[in-house]
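Under the working numbering, the letters of the sequence shown match residues 2 to 311, in that order.
Backbone N, C-alpha and C define an ideal beta-carbon position, used for all residues, glycine too.
Here's the structure, in structure tokens; my notes come after.
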Amino acid sequence: MFNPNLKHLRIFVEIARRGSFRNAANALHLSEPATSQAVTQLESLMGVKLLDRTTRSVRISEAGSAFLADAERLLEGLDYSIAALREFASSGRGRVSIACLSSAVYRLLPPVLAEMKVQYPGIDVVFLDDNMRGILQKIDKAECDLAIVSEDSSIKLGLSIPLLMDTFQAVCRFDHPLAKRKKINGAELSNFEMILLRRGSGIRDELDRTFESNGIQLNVVNETTQILTLLGLVEAGLGVTVLPSMLCPDPAHGAVAVIPIQKPSVQRKLGLIFATAREPSAAARLLADVVQRTVASATLKVPPGVSKLV
């Protein structure tokens, strides 16, 4: 079965924009019969009528209206990518900055930066690690070109490119009563002394939102802003913590146990966003592509509790 090609899409979009086969044909430097034939082929391939034609007018159908937005987005993205690659090819050099959540830097950025250096040695990559609030400020002010962040329902942030789903897990000392459990309900954690990241961190905010919406009140005895401090306190047996799987220590080392949490499951979706104040540069597009391919590759190993979205 044949699929629509780019020529089909361009002709359909042009007719929809101009409301005329003749005007669309002139704009695309095609004959009117060729333009009409392309639309007929597209409708046949799609199995639906996209345009309502009369002898005097052309109107886009309901199905055509629904398809138009996707077709325009596809063509605009392709055109920009081609232009970006041509821009880079003409100079071979560039500079791009990427911000990343501190909680994701360790596993994600090193392989990405290494791959960029191999593929695009002429592009200088500057990276900035920060918390969620700091990164969003940088994105809004265009202080960085793109960023790896956590999708946050409280600020209606939409990821441009989803990358990973990271599930939160309980972490305790190896000889803690929870250590031998295969899983734990979130409500059970209220029976233990908890040590958590301080309120205001993206991780703590996501945890609080999920637990509070399920009526779970944790017994928090200590808070800190530092992951290493948090894990040190847990390893000393001073309490239990909850962390995204990306940050959980390897239980094989023997110091701690990691226990999956169910009912409710706490998750964060990590992905890429672009600076909102400007169009992504060629270098930014290339870096985003490398991030996607690096995450999708078999060489990037993710811990249990993390799943790839690319």
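What does the alpha-carbon distance come out to for the pair glycine 95 and alanine 105?
What you label residue 95 is simply residue 94 of the sequence shown in a count that begins at 1. What you label residue 105 is simply residue 104 of the sequence shown in a count that begins at 1. Near 25 Å, if we compare the C-alpha coordinates of alanine 105 and glycine 95.
Report the start-end ranges of each beta strand (DSSP E) in the region 46-102 that is 3 residues or longer and not cut off at the edges.
Runs of the beta strand (DSSP E) inside the region 46-102: 52-54, 59-61 and 95-102.
With DSSP as the reference, identify every bridge partner of asparagine 220, one or two as the case may be.
Within the sequence shown, the letter at position 219 stands for residue 220. Glu194, per the DSSP bridge assignment.
With distances taken Cα to Cα, identify the nearest neighbour of leucine 234 among Ser202, Phe175 and Leu190.
Taking the sequence shown and counting its residues from 1, one reaches residue 234 at position 233. Nearest C-alpha to leucine 234: Phe175.
Using 8 Å as the Cβ pair cut-off and three pairs as the minimum, do the region 267-283 and the region 159-171 touch?
At 8 Å Cβ cutoff, the stretches touch.
Please confirm whether any heavy atom of the ligand MN lies closer than 6 Å to the CB of methionine 133.
By its list of ligands, the structure shown contains no ligand whatsoever, and the ligand MN lies outside what it can speak to.
Provide the residue span of the beta strand (DSSP E) that contains leucine 270, from first to last.
For this step, residue 270 is matched to residue 269 along the sequence shown. The amino acid at residue 270 is misidentified as leucine; the sequence shows lysine. First-last of the beta strand (DSSP E) with lysine 270: 268-275.
Per the DSSP calculation, arginine 174 is bridged to which residue(s)?
For this step, residue 174 is matched to residue 173 along the sequence shown. In DSSP, arginine 174 forms a bridge with Val257.
Considering only their Cβ atoms, is the gap separating alanine 100 from leucine 129 smaller than 7 Å?
By 1-based counting over the sequence shown, the position of residue 129 is 128. By 1-based counting over the sequence shown, the position of residue 100 is 99. It is a contact, given that the beta carbons lie within the stated cut-off.
Return the chain-ordered list of same chain residues with a C-beta closer than 6 Å to the C-beta of arginine 199, the five sequence neighbours on each side being excluded.
Translated into positions along the sequence shown, residue 199 becomes position 198. Glu224 and Thr226.
From the DSSP output, read off the bridge partner residues of phenylalanine 169.
Looking up residue 169 in the sequence shown gives position 168. Looking at the DSSP assignment, phenylalanine 169 forms a beta bridge with Pro245.
On the CB-based measure, 16 or more other CB atoms within 10 Å of its CB, does glutamate 207 come out buried or exposed?
Numbered from 1 along the sequence shown, position 206 holds the residue referred to as residue 207. Buried: at least 16 other Cβ atoms inside 10 Å.
Between proline 281 and valine 97, what straight-line distance do the alpha-carbon atoms span, to the nearest angstrom?
The residue labelled residue 281 in the question sits at position 280 within the sequence shown. The residue labelled residue 97 in the question sits at position 96 within the sequence shown. Their backbone Cα atoms lie some 10 Å apart in a straight line.
From what residue to what residue does the beta strand (DSSP E) around alanine 148 run?
As a working note, residue 148 is residue 147 in the sequence shown. Residues 147-151.
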